[in-house]
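*Asks:* Take a look at the following structure, please.
In the working numbering, the protein residues as written are 246 to 444.
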């Protein structure tokens with residue numbers, strides 16, 4: 246989003262120095278979904294289509310399906326015309342996050358950044374969303390920030406950070422073979438999932 250300018254040549258987008266891309270052009274090319282999302286006191290349709298353009302009902306419905314929120318929306322009496330309260334108070338945390346994902350997708354961005362945005366959805370819903378996004382991201386760049394190994398294990402490259410420093414880097418299988426910090430996190434999360442399934 247270039248909230249500040251990085252050193253020249255340190256970040257490239259499609260081979261172009263980030264600082265040389267006009268800010269408006271850059272921001273139009275990026276879809277960003279934060280952990281703490283914000284919804285407006287208006288309809289679900291307008292919340293998804295908030296990117297500043299006029300989007301067809303079909304386009305809105307398509308991204309709602311990709312974000313796994315379509316079925317929930319059509320269950321509301323007013324469907325996509327349902328008005329959500331301030332900050333989306335009539336919706337669950339998971340529903341708000343999925344509407345935010347749909348809002349990012351409607352822009353058809355070249356770069357999609359998902360910043361720990363699956364924290365309020367269960368792992369089954371997360372897997373459905375990620376499955377839909379895999380085909381969407383074909384030919385695009387996706388950056389997924391997460392504490393859950395299950396969220397990132399299908400990524401082409403995983404970068405493990407500790408206090409802002411890269412400590413491990415590779416795909417899921419390579420990182421497991423290292424038996425380092427990623428492997429430890431994976432084992433811990435698998436055990437937690439097994440214990441949760443027994444309860």
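Beta carbons are placed, not taken as given, at the ideal position from N, Cα and C, and that holds for glycine.
In chain order, what residues of the same chain have a beta carbon less than 8 Å from the beta carbon of residue 385, not counting five sequence neighbours either side?
*Replies:* Only 354, 355, 356, 357 meet the Cβ criterion.
*Asks:* Kindly confirm or deny that the region 287-294 and the region 332-349 touch, where touching means at least three C-beta pairs closer than 8 Å.
*Replies:* A contact exists between the region 287-294 and the region 332-349.
*Asks:* In the DSSP assignment, find the unbroken beta strand (DSSP E) run with residue 381 in it and report its ends.
*Replies:* Segment 368-381 is the alpha helix (DSSP H) holding residue 381; no beta strand (DSSP E) there.
*Asks:* Considering only their Cβ atoms, is the gap separating residue 420 from residue 413 smaller than 7 Å?
*Replies:* Yes, Cβ-Cβ distance for residue 413 and residue 420 is below 7 Å.
*Asks:* Does the distance from the C-beta atom of residue 361 to that of residue 388 stay below 7 Å?
*Replies:* Taking 7 Å as the Cβ cut-off, residue 361 and residue 388 do not qualify as a contacting pair.
*Asks:* Going by beta carbon distance, what residues of the same chain come within less than 6 Å of residue 335, once the five residues before and after it are set aside?
*Replies:* Closer than 6 Å at the Cβ level, and outside the excluded window around residue 335, lie 329.
*Asks:* Compare the C-alpha of residue 373 against each of 427, 310, 285 and name the closest.
*Replies:* Residue 310 is the option with its Cα nearest to residue 373.
*Asks:* Pull up the CB-CB distance for residue 257 and residue 248, whole angstroms please, since I reckon it's below 8 Å.
*Replies:* Contact doesn't hold; Cβ gap of about 18 Å is too wide.
*Asks:* Tell me, to the nearest whole angstrom, how far the beta carbon of residue 308 is from that of residue 359; I am working on the premise that it is less than 8 Å.
*Replies:* About 14 Å; that fails the 8 Å criterion.
*Asks:* Tell me whether residue 351 sits in a helix, a strand or coil according to DSSP, three-state version.
*Replies:* Helix, per DSSP.
*Asks:* Relative to the alpha-carbon of residue 418, which residue among 383, 316, 398 has its alpha-carbon at the smallest distance?
*Replies:* Minimum Cα distance to residue 418 is reached at 398.
*Asks:* Could you tell me the alpha carbon to alpha carbon distance between residue 314 and residue 428, rounded to whole angstroms?
*Replies:* Near 33 Å, if we compare the C-alpha coordinates of residue 428 and residue 314.
*Asks:* According to DSSP, is residue 431 helix, strand or coil?
*Replies:* Here residue 431 sits in helix by DSSP.
*Asks:* What separation, rounded to the nearest whole angstrom, lies between the Cα atoms of residue 324 and residue 367?
*Replies:* Between residue 324 and residue 367, the C-alpha separation is close to 23 Å.
*Asks:* Against chain C, does residue 378 count as a neighbour if the rule is that its beta carbon must be under 7 Å from one of theirs?
*Replies:* The structure shown has no chain C; it contains just one protein chain.
*Asks:* Count the other CB atoms within 10 Å of the CB of residue 287; is the residue buried (16 or more) or exposed (fewer)?
*Replies:* Its Cβ having fewer than 16 others within 10 Å, residue 287 is exposed.
*Asks:* Taking DSSP's pairing of strands, which residues face residue 414 in a bridge?
*Replies:* Bridge partners of residue 414: 404.
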